[in-house]
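Colleague: Provided herewith is a single structure, encoded as structure tokens, for subsequent inquiry.
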Amino acid sequence: MASRGAAALPAPTASGRFFPVSFTDVAAAAGLRSPQIAGGESRKFILEAMGSGVAFLDYDNDGWLDVFLVNGSRFDAAPKPGHHLYKNNRDGTFTDVSVKAGLAKVAWGQSVAAADFDNDGHIDLFVTAWGRNALFRNQGDGTFLDVAPKAGVAGDRTRWGSGASFIDYDRDGLLDLFVANYLVFDPARTPLPGKDPACNWLGAPVFCGPRGLPFATNLLYRNNGDGTFSDVSAASGIGASQKTYALGVLAADLDGDNWPDLYVASDSSRSLFYHNNANGTFTERATYIGLAYDENGMEQAGMGLALADYDGDGRLDIAKTNFADDYPNLYRNLGKVGFTDRALFAGLGLHPQYVLWSAIFADFDNDGWPDLFLSAGHIFNEVDRLPTPQKFRNPRLLYWNLGDGKFEDVSTRAGPGMQARHSSRAAAAGDFDNDGRVDLLIMNMNQPPSLLKNANTAPHHWFDARLTGTASNRSAIGAKVRVESAGRWQTVFILSQSGYYSVNDPRAHFGLGTVAKVDRLEITWPNGNVETWRNLEADRVFLATEGTAPK
Amino acid sequence: MKLAAVLAFASLAHAQTAAALAARGAELLEANRPAEALSAFTRSLRLNPAEVEALSGMGFLLYSQNQFSAARTYLEKAVAARPQSFQARFLLAATLVQLKQTQPAITQLRQALLRNPAHLDARKLLATQLLEIRQFREAVTVLQPVVETLPPDEEVHLILIEARQTSGDTAAAFALAQKAAARFPNSGQILTWLGFQLQFAGRYEAAKPPLLRAMEIEPAFAVPAQVLGDIYLKEENFTEAIRWLNRAAEKMPDDAEVLLSLSRAQAESGASSEALETLQRAARAAPTDARVHFHLSRLYFRLGDEPKAQEAAALSVRLRDTQSPVSPAPASLRLRR
């Protein structure tokens with residue numbers, strides 16, 4: 052993990068405005084009590100430090116978000132639980148249906164991507180792992196079946212699958228699959244803590260990696276439309292060795308040409324931007340479009356990614372989290388000339404003492420501007436004994452979008468759930484209780500997750516759009532959703548994975564402030580078709596089906 | 270028995286003569302008469318090839334004439350003949366530093382300091398060598414005990430600030446820079462470090478006065494202008510950034526870091542062709558600096574020349590494979606120690 056000695060920058064002058072949101076952890080009361088295991092308490096290998104994913108999804112199509120938790124494993128003899136699926140009881144609680152659903156599989160699970168890959172109307176799950184990946188096909192009766200081997204996406208050998216994303220890269224209406232691989236890991240060949248000069252941190256022996264461990268390559272699978280996939284990694288250019296340690300993934304049209312690209316956050320190495328050439332191939336362009344490094348050209352230890360039009364200029368921007376002693380990135384999209392990192396200008400340089408993981412853009416106070424949530428937690432248990440202000444367990448960070456390109460740190464003003472200390476990794480945003488306020492689900496290392504209920508007291512309106520593709524893929528992964536309200540446009544992109552290893556609410560959520568009406572809803576479907584709906588009521592979930600907009 | 274006593278006496282006389290010649294050589298060196306000193310050392314070593322003072326003197330003489338490889342031979346013999354000699358080890362270490370033999374130099378300096386822990390120059394030399402191999406924490410350990418020594422030593426403060434900064438302990442580096450600025454209010458370098466620290470911590474307004482003062486004290490010193498330019502670049506005042514970075518570039522025309530900052534300020538202000546010219550100059554000055562080619566690739570892309578952007582990006586990535594991470598402190602400031 053790269054470390055650059057970044058100093059905490061002074062907080063800008065406070066806006067003086069009241070932040071109306073308070074988060075409270077209701078996980079235990081809601082029934083989310085099983086811990087997510089990721090290694091033992093004494094971590095010997097890097098595999099034990101990376102955590103695992105969480106997802107908000109509606110697996111039974113009842114209009115209420117359910118919860119899926121990926122489980123890791125451990126090298127010692129302690130119990131190793133499987134993945135967990137919790138069904139939403141529509142009363143603020145959940146029921147564990149993992150075993151009944153056939154998802155209680157034990158694995159070194161990593162990330163989860165959610166989408167309807169076979170267009171049968173039921174959301175499926177792809178789970179990466181150190182080992183073989185799983186493709187859990189939703190059979191529509193409350194159960195799932197791992198079809199990865201039959202579908203050809205389990206992997207041909209033991210790999211460390213990290214981030215993954217469904218992407219219709221050839222716009223044929225079928226979701227293809229991108230799988231990032233972190234590094235080549237073999238515990239028998241990996242030095243133990245302190246056994247190699249590189250396996251020390253602040254003078255203490257710690258697990259080795261990623262530097263010094265072999266690089267892996269990334270994979271792209273093309274959906275054949277018959278339940279199987281073909282490995283097109285080599286033909287597409289995705290499989291070329293880039294000598295990077297890939298983690299978080301975003302699949303989105305980042306350059307506005309209506310073809311979805313891939314952006315991959317890399318740990319201790321340059322991040323990758325695979326530009327979709329619209330002919331089945333990709334070109335890696337991160338360095339010159341400004342997404343590989345920070346503004347000074349320094350490598351960073353990238354972890355998670357979030358996507359939003361944070362400044363309201365109609366272009367999708369990116370937040371990327373990094374290791375401690377560094378700042379996160381806020382890559383502002385400049386259009387044809389690439390991206391520029393505005394993190395420090397935006398006020399995100401306040402907390403370089405934290406290792407940051409998941410990044411989530413969501414409008415938590417429904418004022419019409421996406422805010423930024425960041426999860427934190429150190430990788431070394433040993434850090435609490437070392438001469439550094441960094442700690443293993445950390446509070447969460449919340450930056451309030453002030454609407455002028457800047458953010459205000461409201462972490463300590465956003466309720467007890469935001470200030471609770473955990474070593475967190477993955478996180479997802481979603482409105483689990485359908486009250487129009489975006490809640491948070493957070494993975495905590497070897498602890499139960501946090502479910503942060505949003506108690507926004509501002510009398511703001513909101514609007515959700517739930518998309519169903521017909522000519523495009525059914526989950527509408529890759530669709531761009533724009534809303535115009537009182538003369539302002541907001542943009543949300545539909546993703547199958549983001550943050551770090553996680554899946555957000557599949558509905559596009561928009562805060563409307565004091566305006567109770569959407570003037571226009573414009574959807575650019577993954578196949579490039581654009582449809583517009585007008586004069587829609589606020590404070591509701593609007594079901595938008597491809598091909599049904601009034602002419 | 271009689272013969273043995275005679276032989277012993279003869280040996281002693283012989284040794285005394287070699288020692289006397291070595292001592293004479295040292296006196297001649299002191300009197301800046303190197304040719305005669307060389308002759309005395311040579312005669313001494315002819316009489317006794319293991320005469321430590323002569324070996325050390327010869328080593329020092331050759332060192333002062335920049336004949337480092339030859340000096341090393343004599344000094345290694347001196348150390349072998351008298352392992353306990355602080356002087357021989359220190360001279361050998363200094364010679365090894367000149368020969369860029371960092372690790373062997375560090376070994377000799379560690380041994381030398383065991384024999385004379387109070388020797389300030391040996392500590393400073395060891396700390397700088399440790400910084401070369403990125404052993405920042407040990408460098409701090411070496412210098413921290415002497416930073417409060419009276420009278421205060423400016424160089425100790427400078428090296429220690431750098432060690433703290435590069436080790437990631439920016440808070441300690443900042444605290445020391447503040448203390449050093451109070452102790453050495455007329456040191457351009459110390460004030461520049463203080464300005465750099467304040468800039469690093471985002472305290473841009475506070476950073477400007479010490480940097481301006483440093484420029485008054487040392488008008489020829491380019492780094493304060495560089496740091497000031499970087500501050501204006503961060504403040505997005507590109508006109509002022511270009512002004513100060515141009516001033517730094519006049520004094521350090523081949524400094525890649527100055528040119529990189531200048532090109533960024535030019536590009537951000539819309540002066541793309543000037544930015545390209547500056548980057549091309551940086552590429553000529555530092556052809557193996559990956560960051561130069563990174564910035565070139567970005568500028569080519571902005572200018573619509575994607576093939577050139579790809580070429581520069583590929584070179585930047587290739588060069589990174591062979592380079593260690595860059596320190597957050599300006600190289601030009603580090604080189605001033």
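Listed in order, the protein sequences are those of chains C and W.
Numbering of the first sequence is given in this note's numbering, commencing with residue 52 and proceeding in unit increments.
Numbering of the second sequence is given in this note's numbering, commencing with residue 270 and proceeding in unit increments.
Just so you know, even glycine gets a beta-carbon here, dropped at the ideal spot from N, CA and C.
#1: What does the Cβ neighbour count give for W/LEU383, buried or exposed, with the cut at 16 atoms within 10 Å?
#2: Hey, how far is the Cα of C/PRO421 from the Cα of W/VAL416?
#3: Please list, in chain order, all residues of the same chain as C/GLY153 whose beta carbon is under 7 Å from its beta carbon, the five residues on each side excluded.
#4: Would a check of beta-carbon distances place C/ASP460 closer than 8 Å to chain W?
#5: W/SER566 and W/ALA582: beta carbons closer than 8 Å?
#6: Which residue spans inside the stretch 153 to 212 of chain C form an unbroken beta strand (DSSP E) run of at least 3?
#7: If contact means a Cβ-Cβ distance below 9 Å, which residues of the stretch 339 to 350 of chain C contact chain W?
#8: Considering C/THR596, what are the terminal residues of the beta strand (DSSP E) in which it resides?
#9: If contacts are defined as beta-carbon pairs under 8 Å, then C/ARG488 and C/MET469 qualify, I think. What distance do you get, rounded to the angstrom?
#10: Cα separation between C/ASN139 and C/ALA478?
#11: On the CB-based measure, 16 or more other CB atoms within 10 Å of its CB, does W/GLU431 come out buried or exposed?
#12: Quick check on this structure: which residue in C/LEU270, C/GLY520 and C/TYR344 has the alpha carbon closest to the alpha carbon of C/LEU234?
#13: When we look at the beta-carbon of W/SER325 and count the other beta-carbons within 10 Å, is it buried (16 or more) or exposed?
#14: Alpha carbon to alpha carbon, what distance is there between C/GLN498 and C/VAL45?
#15: Taking the alpha carbon of C/ASP579 as the point to measure from, which residue in C/ASP169, C/TRP181, C/GLY224 and C/GLY104 has its own alpha carbon closest?
#16: Cβ of C/LEU491 within 8 Å of Cβ of C/PHE561?
#17: Would you identify the three-state DSSP class for C/GLY428, choosing helix, strand or coil?
#18: Just to confirm, are C/TYR296 and C/PHE266 a CB contact at a threshold of 8 Å?
#19: Taking only beta-carbon positions, decide if C/GLY294 is within less than 8 Å of chain W.
#20: Assign C/ASP117 to one of three DSSP states: helix, strand, or coil.
#21: Should C/ARG366 be flagged as near chain W, meaning a C-beta pair shorter than 8 Å?
#22: Could you tell me the alpha carbon to alpha carbon distance between C/SER284 and C/ASN328, rounded to whole angstroms?
#23: Beta-carbon separation of C/GLN548 and C/ALA202 under 8 Å?
#24: From W/ALA517 to W/PRO488, what does the alpha carbon distance come to, in whole angstroms?
#25: Using the beta-carbon of each residue, which ones in chain W are nearer than 8 Å to C/VAL235?
#26: So with CB distances below 8 Å, who are the chain W contacts of C/ASP376?
#27: Check whether the Cβ atoms of W/LEU460 and W/ALA483 sit closer than 8 Å, and answer yes or no.
#28: Residue ranges of each beta strand (DSSP E) run of no fewer than 3 residues wholly in the stretch 481 to 541 of chain C, ordered along the chain?
#29: Is it the case that the Cβ atoms of C/ILE97 and C/CYS259 are separated by a distance below 8 Å?
#30: Hey, is W/GLN579's beta-carbon within less than 8 Å of any beta-carbon in chain C?
#31: Anyone know if the C-beta pair for C/HIS511 and C/ASP418 falls short of 8 Å?
#32: Going straight from the alpha carbon of C/ASN184 to that of C/LEU136, what length do you get?
#33: Kindly list, in the order they appear in chain W, the residues whose Cβ is closer than 8 Å to that of C/VAL4.
#34: Does the beta carbon of C/ARG262 sit closer than 8 Å to a beta carbon anywhere in chain W?
#35: Can you give me, in chain order, the residues of the stretch 459 to 473 of chain W that have a beta carbon less than 8 Å from any beta carbon in chain C?
#36: Could you please tell me which residues of the stretch 550 to 569 of chain W, in chain order, have their CB closer than 8 Å to any CB of chain C?
Modeller: Reading it off the structure:
#1: exposed
#2: 50 Å
#3: THR194, PHE195 and LEU196
#4: no
#5: yes
#6: 159 to 166, 175 to 182, 185 to 189 and 195 to 197
#7: TYR339, ILE340, GLY341, ALA343, TYR344, GLU346, ASN347, GLY348, MET349 and GLU350
#8: 592 to 596
#9: Rounded, the Cβ-Cβ distance is 14 Å, inconsistent with contact.
#10: Spanning the two alpha carbons is a distance of roughly 18 Å.
#11: With 16 or more other Cβ atoms within 10 Å, it is buried.
#12: C/LEU270
#13: buried
#14: No answer is possible for residue 45 of chain C: it lies beyond the span of chain C, which begins at 52 and ends at 602.
#15: Correcting the residue identity first, residue 579 of chain C is Gly in this sequence and not Asp. For the residues C/ASP169, C/TRP181, C/GLY224 and C/GLY104, the minimum Cα distance to C/GLY579 belongs to C/GLY224.
#16: Annotated as distal: C/LEU491 and C/PHE561, with beta-carbon spacing of 8 Å or more.
#17: coil
#18: yes
#19: According to the sequence provided, residue 294 of chain C is Lys. The question's Gly does not apply to it. Cβ-Cβ to chain W under 8 Å: yes for C/LYS294.
#20: C/ASP117 carries a strand assignment under DSSP once its states are collapsed to helix, strand and coil.
#21: No, C/ARG366 lies away from the interface with chain W (no Cβ there is under 8 Å from its Cβ).
#22: 14 Å
#23: Contact: no.
#24: If you take the alpha carbons of W/ALA517 and W/PRO488, they lie about 11 Å apart.
#25: Those do not exist, as C/VAL235 stays about 18 Å from chain W at its closest Cβ, beyond 8 Å.
#26: Within chain W, the residues near C/ASP376 are GLY437.
#27: yes
#28: 490 to 495, 501 to 507, 512 to 519 and 531 to 536
#29: Closer than 8 Å, so yes.
#30: yes
#31: For C/HIS511 and C/ASP418, yes; Cβs fall inside 8 Å.
#32: When the Cα atoms are used, C/ASN184 and C/LEU136 turn out to be separated by approximately 18 Å.
#33: Beyond the ends of chain C as shown, which are 52 and 602, falls residue 4 of chain C; an answer cannot be given.
#34: no
#35: PHE469, ALA470, GLY471 and ARG472
#36: Hits within the stretch, in order: ALA559, ARG560, PHE563, HIS564, SER566, ARG567 and TYR569.
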